[in-house]
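Undergrad: One structure coming up, written as structure tokens, with questions to follow.
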Amino acid sequence: MIAVIDYKAGNLTSVVKALKFVGAETCVTQDPAVVAQAEKIVLPGVGHFQATELLKTLKLTEAVRDAIAKGTPFLGICVGLQWLYEGSTEAPETDGLCAFSKQCERFPATYNGAELKSPHVGWNSLENIRQDSRLLRGIMPGSFVYYTHSWRAPVSADTAATTPYGGDFTAAVERGNVMGVQFHPEKSSVVGLQVLRNFVELAC
Amino acid sequence: MLTKRIIACLDVRGGRVVKGIQFVDIIDAGDPAELAHRHAAAGADEIVLLDITATHEGRGTLIDTVQRTARTLFVPFTVGGGIRSADDAAAVFDAGADKVSINSSAVARPELIGEIGSSFGAQAVIVAIDARRAANSNDPVRDAEVFVSGGRMPTGRKVLDWAREAEDRGAGEILLTSMDTDGMRNGFDCALTAMVSEAVQIPVIASGGAGTAQHFVDVFSHGANGGKADAALAASIFHFGVTDSRVLKEELQRAGIPMRLPC
Numbered sequence: 172m173i174a175v176i177d178y179k180a181g182n183l184t185s186v187v188k189a190l191k192f193v194g195a196e197t198c199v200t201q202d203p204a205v206v207a208q209a210e211k212i213v214l215p216g217v218g219h220f221q222a223t224e225l226l227k228t229l230k231l232t233e234a235v236r237d238a239i240a241k242g243t244p245f246l247g248i249c250v251g252l253q254w255l256y257e258g259s260t261e262a263p264e265t266d267g268l269c270a271f272s273k274q275c276e277r278f279p280a281t282y283n284g285a286e287l288k289s290p291h292v293g294w295n296s297l298e299n300i301r302q303d304s305r306l307l308r309g310i311m312p313g314s315f316v317y318y319t320h321s322w323r324a325p326v327s328a329d330t331a332a333t334t335p336y337g338g339d340f341t342a343a344v345e346r347g348n349v350m351g352v353q354f355h356p357e358k359s360s361v362v363g364l365q366v367l368r369n370f371v372e373l374a375c
Numbered sequence: 601m602l603t604k605r606i607i608a609c610l611d612v613r614g615g616r617v618v619k620g621i622q623f624v625d626i627i628d629a630g631d632p633a634e635l636a637h638r639h640a641a642a643g644a645d646e647i648v649l650l651d652i653t654a655t656h657e658g659r660g661t662l663i664d665t666v667q668r669t670a671r672t673l674f675v676p677f678t679v680g681g682g683i684r685s686a687d688d689a690a691a692v693f694d695a696g697a698d699k700v701s702i703n704s705s706a707v708a709r710p711e712l713i714g715e716i717g718s719s720f721g722a723q724a725v726i727v728a729i730d731a732r733r734a735a736n737s738n739d740p741v742r743d744a745e746v747f748v749s750g751g752r753m754p755t756g757r758k759v760l761d762w763a764r765e766a767e768d769r770g771a772g773e774i775l776l777t778s779m780d781t782d783g784m785r786n787g788f789d790c791a792l793t794a795m796v797s798e799a800v801q802i803p804v805i806a807s808g809g810a811g812t813a814q815h816f817v818d819v820f821s822h823g824a825n826g827g828k829a830d831a832a833l834a835a836s837i838f839h840f841g842v843t844d845s846r847v848l849k850e851e852l853q854r855a856g857i858p859m860r861l862p863c
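Heads up: the sequence lines are chains F and B, in that order. Following this note's numbering, the numbering of the first sequence begins with 172 at its first residue and continues without gaps. Following this note's numbering, the numbering of the second sequence begins with 601 at its first residue and continues without gaps.
Structure representation (structure tokens):
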């Protein structure tokens, strides 16, 4: 059973629907005990980074940290990926999980002398896909996925794929059982469904 | 590279698509769920479903239609028509929509933009603007006016001001329909689209006037006379020679417009 964490950051309907479509059993929850027992955990989320403050209030941060430590596969989507970092300049007072170092930052207003529109909305390509990524197994470089966001995570050794927009940013991050995607796999057609299928079919 | 989006629009009345999208000369073009899936498979980047009756009695049918359409649709899905409150929007989101498009109701009560955005995120709110050039102005484009109620009622508001206000209030995207070019098949209003696109940071979806693939090239172009649009709505073009999104996108790709081609 996959625990899909509901922290009132947007609509979970699409994520749950897509997970079920690729064969997962899901449980939408705010209960740390349910998260602790789950085979896998998905943290979706759209909107403001500050919404993740509720995870701490509901003691879900600790539950996730413990679950990750014992090896439970975790997938953060969009703001759910950003939460895996130390934080975001969008809400400097709100701590992330610190599974990955550094902060998420806003897209620059200009890039290479040209104005850069933000939010970054639409279909963009996955590049530099790490060969050992389990989450992105079978995904070809250049495959398109759907984005809608204004903040982005920095590129590091844990980056599993990048996307170019105002320079490269982390499209997917993966270290062991901790994974995240900045794009919306539930809205990214066959490519996105393959990513979710890879996660659902991971051996625990 | 970020691609330009082709958005397939389905006009729905009483649970049926009423404007033919993929077939010539068909008034009742079929089942919304089936057509949405066909468009997605052919490479449409998003699907918009507009309830063109939007009557109180029709809401139940609409929710049912949205549910059936969303069930196995895995591209962004927008629903518009008759959404007057945050509760109306919530019902549509619960049924599986990813975004709502609001028009007259947002002009009447601009707070609605923020109300929906605060619960569902700015990315979920598209403000649709029906625009007409100001015929008697020295600068008909800059002074273009917002119309509501399906284009029947002038508001006295300038498109430029309203687009900026919508952005400030938290709209995620602007869907800009030119009433001057709509249905004419002579091309989008590129000057109007470029003006709005330059005035706001959020994406602008161009609508109205598509007749050929070249019209899409023009509205996506960032050149001097280009529309600088981030996305374009395709509806009636599929009546006239271009059979589906795949064919359209291949033509645009050849013309140098970045496109997501379906696998």
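Here a beta-carbon is modelled for each residue, glycine too, at the ideal position from N, C-alpha and C. From a predicted model like this one, the values you see are computed outputs, not experimental measurements.
Residue 251(F) by DSSP, collapsed to three states: which one?
TA: Reduced to three states, the DSSP call for residue 251(F) is helix.
Undergrad: Please report how far the alpha carbon of residue 546(B) lies from the alpha carbon of residue 818(B), in whole angstroms.
TA: As displayed, chain B neither begins before 601 nor continues past 863, which places residue 546(B) out of reach and without an answer.
Undergrad: Tell me, please, whether the CB atom of residue 700(B) is closer than 8 Å to any CB atom in chain F?
TA: For residue 700(B), the answer is no, since every Cβ of chain F falls outside 8 Å of its Cβ.
Undergrad: Hey, out of 710(B), 646(B), 816(B) and 670(B), whose CA is closest to residue 683(B)'s CA?
TA: That would be 710(B), whose Cα lies nearest to the Cα of residue 683(B).
Undergrad: What do you reckon, are the CB atoms on residue 203(F) and residue 234(F) nearer than 8 Å?
TA: Yes; because the gap between Cβ atoms is below 8 Å, this pair is in contact.
Undergrad: So for residue 720(B), helix, strand or coil by DSSP?
TA: Helix.
Undergrad: Which residues does DSSP pair with residue 188(F) in a beta bridge?
TA: For residue 188(F), which the question treats as bridged, DSSP gives no partner whatsoever.
Undergrad: Please list the terminal residues of the continuous alpha helix (DSSP H) segment that includes residue 705(B).
TA: That run of the alpha helix (DSSP H) goes 704 to 708.
Undergrad: Use the C-beta contact count for residue 723(B): other C-beta atoms within 10 angstroms, 16 or more gives buried, fewer gives exposed.
TA: Looking at its Cβ environment, which holds 16 or more other Cβ atoms inside 10 Å, residue 723(B) is buried.
Undergrad: Taking the C-alpha atoms as reference points, what is the distance between residue 707(B) and residue 689(B)?
TA: If I take the Cα positions, the gap works out to 16 Å.
Undergrad: For the region 789 to 818 of chain B, which residues have a beta carbon sitting closer than 8 Å to at least one beta carbon of chain F?
TA: Within the region 789 to 818 of chain B, the residues whose Cβ lies closer than 8 Å to some Cβ of chain F are 801, 802 and 803, listed in chain order.
Undergrad: Report yes or no: is there a C-beta of chain F within less than 8 Å of the C-beta of residue 634(B)?
TA: It does not; no Cβ of chain F falls within 8 Å.
Undergrad: Using 8 Å as the threshold, is the C-beta distance between residue 666(B) and residue 644(B) below it?
TA: In this structure, residue 644(B) does not lie closer than 8 Å to residue 666(B) by Cβ.
Undergrad: Taking only beta carbons into account, state which residues of the region 207 to 218 of chain F come closer than 7 Å to chain C, listed in chain order.
TA: Absence of chain C from the displayed structure is noted, the protein chains being F and B.
Undergrad: With 16 other CB atoms within 10 Å as the buried threshold, where does residue 194(F) fall?
TA: By the neighbour-count rule (16 or more Cβ atoms within 10 Å), residue 194(F) is not buried but exposed.
Undergrad: At a CB distance below 8 Å, what residues from the region 640 to 664 of chain B approach chain F? Give them in sequence order.
TA: Correct list: 640 and 645.
Undergrad: In terms of residue numbering, what span does the beta strand (DSSP E) encompassing residue 265(F) cover?
TA: Taken as a continuous stretch (DSSP letters only), residue 265(F) belongs to no beta strand (DSSP E), as it is neither H nor E.
Undergrad: What residue range is occupied by the uninterrupted beta strand (DSSP E) comprising residue 175(F)?
TA: Note, residue 175(F): beta strand (DSSP E), 173 to 176.
Undergrad: For the alpha helix (DSSP H) that residue 183(F) lies in, which residues bound it at each end?
TA: Residue 183(F) -> no alpha helix (DSSP H), and no H or E assigned at all.
Undergrad: How about residue 176(F) and residue 206(F): are their beta carbons less than 8 Å apart?
TA: It is a contact, given that the beta carbons lie within the stated cut-off.
Undergrad: Residues of chain F with a CB under 8 Å from the CB of residue 773(B): which are they?
TA: Simply 292.
Undergrad: So, does the CB of residue 341(F) fall closer than 8 Å to a CB anywhere in chain B?
TA: For residue 341(F), the answer is no, since every Cβ of chain B falls outside 8 Å of its Cβ.
Undergrad: Report the partner residues of residue 314(F) according to the DSSP bridge assignment.
TA: Its beta-bridge partners do not exist; DSSP assigns none.
Undergrad: For residue 350(F), count the other beta carbons within 10 Å of its own beta carbon; 16 or more makes it buried, fewer makes it exposed. Which is it?
TA: Classification of residue 350(F): buried, given that the 10 Å Cβ count is 16 or more.
Undergrad: If we call anything under 8 Å between Cβ atoms a contact, is residue 800(B) one with residue 832(B)?
TA: Result no, Cβ atoms of residue 800(B) and residue 832(B) do not sit closer than 8 Å.
Undergrad: Taking 8 Å as the threshold (C-beta atoms), are residue 770(B) and residue 713(B) in contact?
TA: Against a cut-off of 8 Å, the Cβ pair of residue 770(B) and residue 713(B) comes out as a contact.
Undergrad: Please report how far the alpha carbon of residue 300(F) lies from the alpha carbon of residue 362(F), in whole angstroms.
TA: Between residue 300(F) and residue 362(F), the C-alpha separation is close to 13 Å.
Undergrad: Going by DSSP in three states, residue 301(F) sits in which element: helix, strand or coil?
TA: It is coil, neither helix nor strand.
Undergrad: Out of curiosity, what's the CA-to-CA distance linking residue 720(B) and residue 360(F)?
TA: Those two C-alpha atoms are separated by around 22 Å.
Undergrad: Kindly say whether residue 623(B), judged by its beta-carbon, lies nearer than 8 Å to any beta-carbon of chain F.
TA: Note that residue 623(B) has pLDDT 39, beneath the 50 cutoff, so the model's placement of it is unreliable and no number is given.
Undergrad: Buried or exposed: where does residue 282(F) fall if 16 or more other Cβ atoms within 10 Å of its Cβ makes it buried?
TA: Exposed is the call here.
Undergrad: Would residue 788(B) and residue 766(B) be called neighbours here (beta carbons separated by less than 8 Å)?
TA: Going by C-beta atoms, residue 788(B) is not nearer than 8 Å to residue 766(B).
Undergrad: State the CB to CB distance for the pair residue 601(B) and residue 803(B), rounded to an integer number of angstroms; the pair is presumed to be in contact (CB under 8 Å).
TA: At roughly 15 Å, the Cβ-Cβ gap does not stay under 8 Å, so residue 601(B) and residue 803(B) are not in contact.
Undergrad: List the endpoints of the continuous alpha helix (DSSP H) containing residue 209(F).
TA: From DSSP, residue 209(F) is part of no alpha helix (DSSP H); its letter is neither H nor E.
Undergrad: Taking only beta-carbon positions, decide if residue 723(B) is within less than 8 Å of chain F.
TA: It does: the Cβ of residue 723(B) has a partner Cβ on chain F nearer than 8 Å.
Undergrad: For residue 295(F) versus residue 316(F), is the C-beta spacing smaller than 8 Å?
TA: In contact: residue 295(F) and residue 316(F) (Cβ atoms closer than 8 Å).
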